[in-house]
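**Student:**
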Ligand SMILES: [Zn+2]
């Protein structure tokens with residue numbers, strides 16, 4: 004008889020997985036509640052799992068069991084208006100990693116076999132085909148995009164023997180005067196609740212970063228609502244205390260079609276404050292890059308701000324797979340000239356217009 008082994012089960016969604024046992028080690032795909040794997044090594048605070056990832060012990064529960072051979076019995080794909088989903092029937096939720104490629108989505112299910120190596124994929128707006136191939140003891144499934152299609156967000160869940168990989172379908176603009184009707188957008192004005200963020204040249208005599216980010220957020224909310232969107236705000240006043248983790252959790256649970264965090268940049272006042280200015284948009288997942296580029300381009304066009312581009316940065320609020328999530332650094336609060344703009348109502352209106360145009364352009368498919 005085979006001896007039972009130490010098995011971990013992921014206890015929380017977005018459990019961080021790393022390539023080694025250090026909080027500075029590179030991240031692997033964050034894993035969803037219920038995924039199981041064997042422990043092959045442990046340190047005081049980390050487990051190394053058989054598929055290769057390391058995780059903090061506090062993120063998983065453990066049991067002594069023998070994982071059965073994970074053989075796929077059926078794999079099917081279907082689509083509703085909002086979702087394209089793939090469903091595998093298999094004995095347990097295995098460890099997995101995903102790759103967001105330029106022309107395809109790829110998922111590896113570790114220690115899994117699929118005798119049929121293919122997925123019956125119904126008519127859907129995202130993928131041309133779905134194919135599986137064996138790679139060692141794992142299954143790699145590849146979903147090449149249709150021309151013009153790209154990743155808008157995805158999530159995994161496992162229930163009653165079925166693993167579901169759900170992709171968000173594109174949300175095209177509605178005809179008429181309410182192009183954003185039926186769409187939920189989450190806005191996240193940074194800081195607040197006693198955390199002022201960066202301070203401008205006037206110190207506490209003028210608006211600080213939290214004040215300015217809220218002013219832009221409220222203006223943007225009004226514009227988006229006027230176009231039919233349902234807007235969720237992480238805060239709507241100066242007093243609400245909300246942590247970065249709570250903001251990210253809200254992005255995941257509220258299921259918006261996109262999330263936009265609003266911040267203002269700064270440098271140390273001993274630096275070259277007079278020559279450091281401009282707007283910048285950040286993202287932390289490849290799927291968010293097209294929205295970041297679109298918003299950055301239209302923001303700069305509307306405001307005339309110096310274009311510092313759209314770029315990748317690992318940010319707690321943007322490490323989200325469910326939808327595109329970006330963080331806009333609207334300008335340098337430490338630059339006295341730019342601050343004058345950033346604090347002016349007329350400029351804030353332009354910022355809200357620019358971001359709105361970027362959202363419309365992104366959803367309109369002009370990527
Ligand atoms: Zn900030």
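Numbering (my numbering), first residue to last: 4 to 370. Ideal placement from N, C-alpha and C gives every residue a C-beta, glycine not left out. All values derive from a computational prediction rather than experimental measurement.
1) Would the beta-carbon of residue 212 be found less than 8 Å away from any heavy atom of ligand 1?
2) Determine, using beta-carbon pairs with one atom in the stretch 121–135 and one in the stretch 187–199, whether at least three such pairs fall under 8 Å.
3) Among 99, 75, 93, whose alpha-carbon lies nearest the alpha-carbon of residue 21?
4) What I want to know is whether the C-beta of residue 193 ends up closer than 8 Å to one or more non-hydrogen atoms of ligand 1.
5) Ends of the alpha helix (DSSP H) at residue 257?
6) Specify the secondary structure class of residue 370 as computed by DSSP and reduced to three states.
7) Measure the alpha-carbon distance for residue 270 versus residue 332 and round it to whole angstroms.
8) Quick one: grab the DSSP three-state call for residue 274.
9) Give a yes or no on whether the minimum CB-CB distance between residue 117 and chain D is below 9 Å.
10) Of the residues 347, 205, 324, which one's Cα is nearest the Cα of residue 103?
11) Over what stretch of residues does the beta strand (DSSP E) that includes residue 10 continue unbroken?
12) Examine ligand 1 and report whether any of its heavy atoms sits within less than 8 Å of the Cβ of residue 201.
13) Quick check: is any heavy atom of ligand 1 less than 8 Å from the C-beta of residue 216?
**Tutor:** Well, looking at it:
1) Numbered from 1 along the chain shown, position 209 holds the residue referred to as residue 212. Correct: residue 212 has its Cβ closer than 8 Å to ligand 1.
2) no
3) On the chain shown, residue 21 is found 18 positions in, with the first residue counted as 1. Considering only alpha carbons, the answer is 99.
4) What you label residue 193 is simply residue 190 of the chain shown in a count that begins at 1. Within the cutoff, so yes.
5) By 1-based counting over the chain shown, the position of residue 257 is 254. Per DSSP, residue 257 belongs to the alpha helix (DSSP H) from 247–257.
6) Along the chain shown, one-based indexing puts residue 370 at 367. Because residue 370 sits at a pLDDT of 44, beneath the cut-off of 50, its placement in the model cannot be relied upon, and the following sentence gives the value as read from the coordinates. Residue 370 falls in the coil class under three-state DSSP.
7) The count along the chain shown starts at 1 and reaches residue 270 at position 267. The count along the chain shown starts at 1 and reaches residue 332 at position 329. Looking at the two C-alpha atoms, the distance is approximately 12 Å.
8) The sequence position of residue 274 within the chain shown is 271, counting from 1. Note: residue 274 maps to coil in three-state DSSP.
9) In summary, chain D is missing from the structure at hand, where a single protein chain is found.
10) Your numbering for residue 103 matches position 100 in the chain shown. Among 347, 205, 324, the Cα nearest to that of residue 103 is on 324.
11) Counted from its first residue, the chain shown places residue 10 at position 7. Residue 10 -> beta strand (DSSP E) spans 8–13.
12) For the purposes of this step, residue 201 is taken as residue 198 along the chain shown, with counting starting at 1. Yes, ligand 1 has a heavy atom inside 8 Å of this Cβ.
13) Locating residue 216 in the chain shown gives position 213, counting from the first residue. Residue 216: yes, Cβ under 8 Å from ligand 1.
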